Amino acid sequence: GQNWYLYAFCHLRQDFRLFKLSRIKEFQVTNLLFEPRTISEEQTFFNREWQTTGNLVTLELVFAKEMKSIVVEWFGEDVVENQEGQLLVKTTLPENNWLYGFILSFGSGIEVINPPHIRSIVARIAKEIYEKHSL
17 GQNWYLYAFC HLRQDFRLFK LSRIKEFQVT NLLFEPRTIS EEQTFFNREW
67 QTTGNLVTLE LVFAKEMKSI VVEWFGEDVV ENQEGQLLVK TTLPENNWLY
117 GFILSFGSGI EVINPPHIRS IVARIAKEIY EKHSL
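Each residue of the sequence shown is one higher than the one before, counting from 17 in this note's numbering.
1. In angstroms, rounded to a whole number, what distance separates the CA positions of residue 44 and residue 52?
2. Where do the ends of the alpha helix (DSSP H) carrying residue 86 lie?
3. Is the region 69 to 81 close to the region 131 to 142, with three or more CB pairs under 8 Å?
4. Of all Cβ atoms in chain D, is any one closer than 8 Å to the Cβ of residue 56?
5. Pop quiz: residue 95 and residue 88 are said to be a contact at Cβ under 8 Å. What is the actual Cβ separation, rounded to whole angstroms?
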């Protein structure tokens, strides 16, 4: 999915924030002028790891129907709903630690169908997390 974002200064929070354009419900054009601010690398919000050009991997993912709003937000038009209401996504992302964390952030609401090696890596990490937190 492709989403548009605006990284800008928020007057309410008095800090830079990331605004997802599809979440902006209302806006008002004014005659107010502003001076662009120069920001340092440290002031940026993002960890560039997700942008790395490492191995690109095509993922086939299945999400629980309860995850619909977040899945549509992340993947947009790439989401296909099956007869059971599950959400199917085929997408290409760089394979790195960011990807594994991203997949795990969906908890038990996601299943990696392909590729098998990503499925195995995610299962191994989930098992390690489980073992660390078992009583």
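Beta carbons: idealized from backbone N, C-alpha and C, even for Gly. Quantities reported herein were computed from a predicted structural model and do not represent experimental measurements.
In terms of the structure at hand:
1. Working through the sequence shown from its first residue, we reach residue 44 at position 28. Working through the sequence shown from its first residue, we reach residue 52 at position 36. Taking the straight line joining both Cα atoms gives about 19 Å.
2. Here residue 86 refers to the residue found at position 70 of the sequence shown. Where residue 86 is concerned, the enclosing alpha helix (DSSP H) stretches over 84 to 91.
3. yes
4. In the structure shown, chain D does not exist; there is a single protein chain.
5. Taking the sequence shown and counting its residues from 1, the one referred to as residue 95 is at position 79. Taking the sequence shown and counting its residues from 1, the one referred to as residue 88 is at position 72. Rounded, the Cβ-Cβ distance is 5 Å, consistent with contact.
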